[in-house]
Amino acid sequence: MTAISNRRGEVACVAAVGFMALLFLAQAALPGLFAGMGRGTFMVVGCLTKLVLEGLGALLAHRAAGGFDPGTHVRRAWRLLSLGLLGFFLAQLALSRYQIARGVQSPFPSLADVFFVAAYPLLIAALVSFVKAYQEAGFPMGSASERWTLMGLVLALCLGLGYPMLAPVAGTAAPPLEKLLNLAYPLLDLALLVPTAFLLRVTLRLQGGNVQRVWVALLVGVLALAGGDIAFAYFSTLDMARLEPVVDALFIASYGSFAWGSLAQRNLLSR
Amino acid sequence: MVESNRGAVLEAIIEVIAPYLGQGMARSAVTAHAQNLGFDGAHLRADQIEILMTKIGAGLNIFVGREKSATILAEVKQVLAGAVGA
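Sequence order for the protein chains is A and B. Here the first sequence is numbered in the working numbering, starting from 59 and rising by one per residue. Here the second sequence is numbered in the working numbering, starting from 177 and rising by one per residue.
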C-alpha cells in the first residue's frame, strides 16, 4: 500500500467519524429536522457505529503493537490500548442486546458497565506506558520541578472542574449503584487526564511532524471520552434525555479518534 | 582521525528526522542527545556520530518502530556522507 493510499484511509476515517458525530449533534440541536426518523433509528445507528469504531480501534491498536519490539513500553502501551478498546467493544456488544435486538434503551447500570469500568484502568495504564516510553527514549521532558508543576496544575484543574460538575450528580436521589457509576466514570476520566497532560506536552512539540497526528488523535479520543462521560452523568442524572445525542456524538468522536490514531500509527510503521 | 563539524552534523540529522518529529522536536531532541553524551566540542568523530545516531534511533523507535527507524538512520548516513563526509 502506498503512502498516499494510507493517508486516504485516515482521511476517510476522520471524515466518516466527523460526519456521524455531526449527525448526532444536529439531532440534538435541530430535533424537528429528524422527527421522521425517530430516536430508535438513531439509537441503532449510534450503537452500530460505536461497535464498528471500537472493534476497528482494538484491532488496529493490536496490529500497531506488533510493529514494536517485544518488552518495550511502547508495545505494552499499544497492547493495553487495544485491550481497553476491546473492553469498550464488549460493553457496547452487551448494550446492543437492547439497542439493536430489541430496539429499546439499555438499562443503567447493566452488564455493559462491568466491561466499561474494566476498560478504564487499561486505558490509564496505556497512557502511563506511553509516557514511560517517551522518557525512556531520552527525549527532553522538562525538569523534575516542571513535571511536578504540571502534575499539580492538572490535579488542581481536575479538582476545580470535577467538584462543581459532580456535586449535582452526587446530590441526586438516584439508586446507589447508578450514582456510584455516574461518579466513577468522570473520576476515571480525570485520572486519565494526568498522563494525558504529559502526552499533550509531547504532542505540541511534535508540530509539523508526521507522528504528531497519532498523538493528536489519541488525545482527542481521551478528551472526547471524558466529555462524553461527564455529559452522560449530567444528562442521565438530571433527566435531560433530549441531549443524549450529544453523548453519542462525543463517544463516536472518542472511539473514532482512537481508531484513527491506531490507523495512523500502523501506517507510520508500514510506510 | 576524521572529524566533522558538529553543527553541520546536527543540522543534517535534524533535516532528515524533522519530517517525522517536526522541526522543534527534532532540533531539541538532537541537541539534547548530543549534550547528554557530552559531545559539545566544535567537531565530532565518526564513532561519536555513530553513538549519537544510536541514541536518536532508540528515540525514533517509540514513534515509528525499529524497521522504519533503521530506514531513517540509513537516510541520515547518506545525507551525512554527502554533506559533511562523515
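Think of the CB as a built atom: it goes at the ideal place given N, C-alpha and C, for glycine as much as any other residue.
Residue i: contacting residues in chain A (beta-carbon distance under 8 Å)
i                      : result
residue 240 of chain B : 269, 326, 327
residue 197 of chain B : 264, 267, 269
residue 234 of chain B : 195, 196
Buried or exposed by the 16-neighbour rule on C-beta atoms within 10 Å, applied to residue i
i                      : result
residue 129 of chain A : exposed
residue 99 of chain A  : exposed
residue 306 of chain A : buried
residue 226 of chain A : exposed
residue 251 of chain B : exposed
residue 250 of chain A : buried
residue 87 of chain A  : exposed
residue 112 of chain A : buried
residue 196 of chain B : buried
residue 59 of chain A  : Note that residue 59 of chain A scores 49 on pLDDT, short of 50, meaning its location in the model is unreliable; the coordinates nonetheless yield the value given after this. Per the 10 Å Cβ criterion, exposed.
residue 221 of chain A : exposed
residue 125 of chain A : buried
residue 302 of chain A : buried
residue 93 of chain A  : exposed
residue 203 of chain A : exposed
residue 287 of chain A : buried
residue 201 of chain B : buried
residue 295 of chain A : buried
residue 198 of chain B : buried
Cβ-based neighbour list, residue i, same chain, cut-off 7 Å, excluding 5 preceding and 5 following
i                      : result
residue 140 of chain A : 116, 119, 120, 123
residue 227 of chain B : 213
residue 191 of chain B : 255
residue 261 of chain A : 270, 273, 274, 277
residue 341 of chain A : The first residue shown for chain A is 59 and the last is 329, placing residue 341 of chain A beyond what the model contains.
residue 85 of chain A  : 92, 100, 303
residue 254 of chain A : 185, 277, 280
Residue i at chain A interface by Cβ criterion, 9 Å
i                      : result
residue 205 of chain B : yes
residue 251 of chain B : no
residue 229 of chain B : no
residue 186 of chain B : no
residue 243 of chain B : yes
residue 246 of chain B : no
residue 194 of chain B : yes
Cβ-based neighbour list, residue i, same chain, cut-off 6 Å, excluding 5 preceding and 5 following
i                      : result
residue 107 of chain A : 78, 310
residue 178 of chain A : 246
residue 206 of chain A : none
residue 133 of chain A : 123, 126
residue 256 of chain A : 189
Proximal chain A residues relative to residue i, where beta-carbon distance stays under 7 Å
i                      : result
residue 209 of chain B : 196
residue 200 of chain B : 263, 265
Proximal chain B residues relative to residue i, where beta-carbon distance stays under 8 Å
i                      : result
residue 284 of chain A : Ordered by position in chain B, no residue passes the 8 Å Cβ test against residue 284 of chain A, which lies about 25 Å from the chain.
residue 65 of chain A  : The contacting residues do not exist; residue 65 of chain A stays about 14 Å from chain B at best.
residue 191 of chain A : 238
9 Å Cβ cutoff, residue i in contact with chain B
i                      : result
residue 255 of chain A : no
residue 316 of chain A : no
residue 184 of chain A : no
residue 264 of chain A : yes
residue 202 of chain A : no
residue 221 of chain A : no
residue 174 of chain A : no
residue 319 of chain A : no
residue 278 of chain A : no
residue 103 of chain A : no
residue 304 of chain A : no
residue 212 of chain A : no
residue 75 of chain A  : no
residue 272 of chain A : yes
Cutoff 8 Å; reference residue i; Cβ partners in own chain excluding five residues on either side
i                      : result
residue 153 of chain A : 105, 164, 168, 170
residue 138 of chain A : 180, 181, 183, 184, 187
residue 217 of chain B : 182
residue 239 of chain A : 166, 167, 171, 175
residue 71 of chain A  : 314, 317, 318, 321
residue 131 of chain A : 187, 188, 190, 191, 194
residue 241 of chain A : 224, 227, 228, 291
residue 80 of chain A  : 307
Within chain B, the residues that residue i reaches when beta carbons sit closer than 9 Å
i                      : result
residue 275 of chain A : What residue 275 of chain A touches in chain B: nothing, since even the nearest Cβ is about 14 Å away.
residue 126 of chain A : 237, 238, 241, 242
Under 9 Å from the C-beta of residue i: neighbouring residues of chain A
i                      : result
residue 214 of chain B : Here the premise fails: no neighbours, minimum Cβ distance about 14 Å.
residue 258 of chain B : Per Cβ cutoff of 9 Å: no residues; residue 258 of chain B is ~23 Å from chain A at best.
Check your understanding: What runs of the alpha helix (DSSP H), each 4 residues or longer, lie entirely inside the segment 196 to 244 of chain B?
Key -> Within the segment 196 to 244 of chain B, the complete alpha helix (DSSP H) segments at least 4 residues long are 199 to 212, listed from N- to C-terminus.
Exercise for review: Taking a Cβ distance cut-off of 7 Å, strictly less, list which residues of the segment 129 to 161 of chain A are near chain D, in chain order.
Suggested key: Included in the structure are the protein chains A and B, with no chain D among them.
**Study point:** Inside the segment 159 to 207 of chain A only - alpha helix (DSSP H) runs reaching at least 4 residues
**Key:** 169 to 194
Practice item. Entirely within the segment 202 to 265 of chain A and at least 4 residues each: give me those alpha helix (DSSP H) ranges in chain order. Key: 202 to 228, 234 to 263
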